[in-house]
Amino acid sequence: MDQMLTVFVAVAERGNFTRAAEEMHMTQPAVSQYIQTLERTLGTKLLDRSNKYVRLNKAGEIVYHHAREILGLYTRMQGLVDDLMHTASGNLNIGASYTFGEYVLPRLIAHLRKQFPRIQPSITIGNTKEIAELVAGHELDLGVVEGEFSHEKLEIGHLAEDSMVVIVSAGHPLSRQARWTVKDLSEETWIIREKGSGTREAAEKMFAEFQFYPASIMEFGSTQIIKESVEAGIGISLLSSWAIRKELSLGTLRTIQIEGLPFVRKFSVIKQAAPFQTKAMEIFMEILRDHAAQTENEGSR
1 MDQMLTVFVA VAERGNFTRA AEEMHMTQPA VSQYIQTLER TLGTKLLDRS
51 NKYVRLNKAG EIVYHHAREI LGLYTRMQGL VDDLMHTASG NLNIGASYTF
101 GEYVLPRLIA HLRKQFPRIQ PSITIGNTKE IAELVAGHEL DLGVVEGEFS
151 HEKLEIGHLA EDSMVVIVSA GHPLSRQARW TVKDLSEETW IIREKGSGTR
201 EAAEKMFAEF QFYPASIMEF GSTQIIKESV EAGIGISLLS SWAIRKELSL
251 GTLRTIQIEG LPFVRKFSVI KQAAPFQTKA MEIFMEILRD HAAQTENEGS
301 R
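Going letter by letter, the sequence shown gives residues 1 to 301 in UniProt numbering.
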């Protein structure tokens with residue numbers, strides 16, 4: 001059954017029997033046979049087919065949704081059994097929200113790979129809701145997300161805190177001032193993330209707390225572009241301290257100290273509420289905890 005489901009998922013996602021066959025190193029007739037056998041087993045057609053397309057019908061959508069979850073559970077089961085006989089190895093599917101995934105996770109993965117080269121990590125970046133649903137659907141082993149929330153299928157634990165700081169270019173007049181006023185901030189061009197971003201949320205919260213809204217705003221969809229724009233003197237911004245470590249060490253960006261800042265965002269780790277977990281997952285959870293403890297120690301100095 002697992003092979004039938006694997007073939008079915010490949011056809012559904014590629015929308016084409018030929019492409020699915022090529023990906024799975026099978027012949028097209030063999031792929032067609034698996035689909036026909038699955039449809040006979042379930043007693044219904046799952047795909048609408050024509051010369052131009054292959055699409056899921058209503059029954060197919062139900063089977064596709066559950067097939068992905070079943071295959072995720074099957075892979076997890078295999079990993080747990082393998083762990084009884086071997087050292088930590090296998091796939092580890094990690095999800096993360098943007099800031100943690102882009103600026104913290106790569107260092108942790110490098111550490112993991114150095115110590116345990118047989119573990120094969122993959123990373124999915126998305127917003128908190130997207131990552132939570134993928135973990136709940138067994139498509140990811142664990143996730144690191146912003147904020148605190150509840151989910152009936154997930155085990156959620158506090159991981160770390162992230163400071164949001166105001167940044168300016170090294171040559172900006174504000175970087176040389178001892179004091180700043182709300183008027184100073186309101187007159188600057190602010191470069192902020194798009195709506196729906198956690199970083200944008202923090203900026204909006206800051207504007208509300210200080211009771212001002214910038215006269216000039218530029219909205220960019222990438223933290224990297226915002227950093228480079230601030231470096232170039234286009235404007236100022238509010239970003240995660242995790243995201244600007246390199247620029248601070250190089251001296252291309254500076255933070256300005258303002259009463260009431262930095263804002264603190266909480267990050268949580270989410271995983272299936274299951275009695276067993278793979279060695280690979282146990283090891284990575286330990287790496288996450290060590291990083292969180294180190295970050296907390298650095299913040300208290």
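Virtual Cβ for every residue (Gly too), placed ideally from N, Cα, C.
Counting every other CB atom within 10 Å of its CB across the protein chains shown gives Met-77 a total below 16, marking it as exposed. Of Gly-233, Ala-232, Ser-222 and Leu-250, the smallest CA-CA separation from Leu-239 is found for Ser-222. According to the DSSP assignment, Phe-263 belongs to the beta strand (DSSP E) that extends over 263–272. For the options Asp-48, Val-264 and Lys-114, the alpha carbon positioned closest to that of Lys-205 is the one of Val-264. Counting along the chain, the unbroken beta strand (DSSP E) around Ile-119 starts and ends at 119–125. In the assembly as shown, Ala-215 is an exposed residue. Its beta-carbon has fewer than 16 other beta-carbons within 10 Å.
Annotated as proximal: Val-230 and Val-168, with beta-carbon spacing under 8 Å. Comparing C-alpha distances from Tyr-53 to each of Lys-227, Ile-236 and Ala-12 shows the shortest one belongs to Ala-12. The stretch 89–99 makes contact with the stretch 107–126: 3 or more CB pairs, one atom from each, lie closer than 8 Å. For Thr-6, the CB contacts under 7 Å within the same chain, skipping 5 residues up- and downstream, are Leu-71 in chain order.
Assignment of beta strand (DSSP E) within the UniProt domain "HTH lysR-type" (1–57), counting only whole runs of 3 or more residues, yields 47–49 and 54–56 in chain order.
For Gly-157, the enclosing beta strand (DSSP E) begins and ends at 154–169. If you look at Leu-92, you'll find it in the beta strand (DSSP E) that goes 90–96. Inter-residue distance for Gly-137 and Glu-69 is about 5 Å (C-alpha atoms, whole angstroms).
The beta carbons of Lys-271 and Glu-161 sit no closer together than 8 Å.
In the three-state scheme derived from DSSP, where H, G and I count as helix and E and B as strand, Arg-254 is classed as strand.
Going by DSSP, Gly-137 is part of no alpha helix (DSSP H) at all; its letter is neither H nor E. Between the beta-carbon of Trp-190 and that of Ile-217 there is about 5 Å, and that keeps the pair under the 8 Å contact cut. The alpha-carbon separation between Arg-49 and Arg-55 amounts to approximately 7 Å. For Val-145, the uninterrupted beta strand (DSSP E) segment begins and ends at 142–146. Distance from the CA atom of Val-9 to the CA atom of Asn-57, rounded to whole angstroms, is 13 Å.
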